[in-house]
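Numbering (the working numbering), first residue to last: 8 to 185.
Only one structure is covered here, and it is reproduced in the block below.
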């Protein structure tokens, strides 16, 4: 399933990153860690030494419950957003949205919104998941604003890591949007 959104004169295609595109994922993930280290828990220098990043393996497996979605412009991967069907907060039936990133020259085109929509479309096919959780740095005001607009609610905060934990009930949202 590919979702196509148009922004002005720009045609963007959103889809799960296919197994044969794992190297483009790696390149964009490393860019995210290098350009925005404050937004991620992983370290750029450590990731460089890894022969294969964790989500490269997941992309190659083409798993339905753990995946990375991508935003493509003219065949180039310009944004990523990953999902796993578990969480670290003991919330039943909630998976986790992670690794949201859009390359700088494509920011401001609603790509994050559309990546979240794309993830949600895939997650609706995972029977045991009806909520999406995420963690975001409290200081990442633009990301917090996006997540609020996408109907994520505050669940908790972690003062030790300076993060907010947010959650969205997707099953109810889906029922009322049809």
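Glycine included, C-beta positions come from ideal geometry on N, C-alpha and C.
As the structure is a prediction and not an experimental result, all values here were calculated from the model.
Fill in: Inter-residue CB distance, residue 104 and residue 88 (contact presumed, cutoff 8 Å)
6 Å
Item to complete: Go ahead and label residue 31 buried or exposed: buried means 16 or more other beta carbons lie within 10 angstroms of its beta carbon, across all protein chains shown.
Response: buried
Worksheet item: Does DSSP put residue 15 in a helix, a strand or coil?
Response: Any answer about residue 15 is weak, because its pLDDT of 48 lies below 50 and its placement is not dependable; what the coordinates show is given next. Looking at residue 15 - three-state DSSP - the assignment turns out to be coil, as it is neither helix nor strand.
Discussion item. Once the 5 residues before and after residue 41 are set aside, which same chain residues still bring their CB inside 8 Å of it?
Written reply: 51
Practice prompt. Determine the burial state of residue 21: buried for a count of at least 16 other Cβ atoms within 10 Å of its Cβ, exposed for fewer.
Written response: buried
Item to complete: Measure how close the beta-carbons of residue 158 and residue 144 come, nearest whole angstrom, since I'm counting them as under 8 Å.
Response: Rounded, the Cβ-Cβ distance is 20 Å, inconsistent with contact.
Item to complete: To the nearest angstrom, report how far apart residue 69 and residue 27 are at their CA atoms.
Response: 10 Å
Fill in: Ordered list of beta strand (DSSP E) runs contained in the stretch 18-95, each at least 3 residues
73-80 and 83-91
Worksheet item: Which full runs of the alpha helix (DSSP H) of 4+ residues lie inside the stretch 112-145, going along the chain?
Response: 118-130
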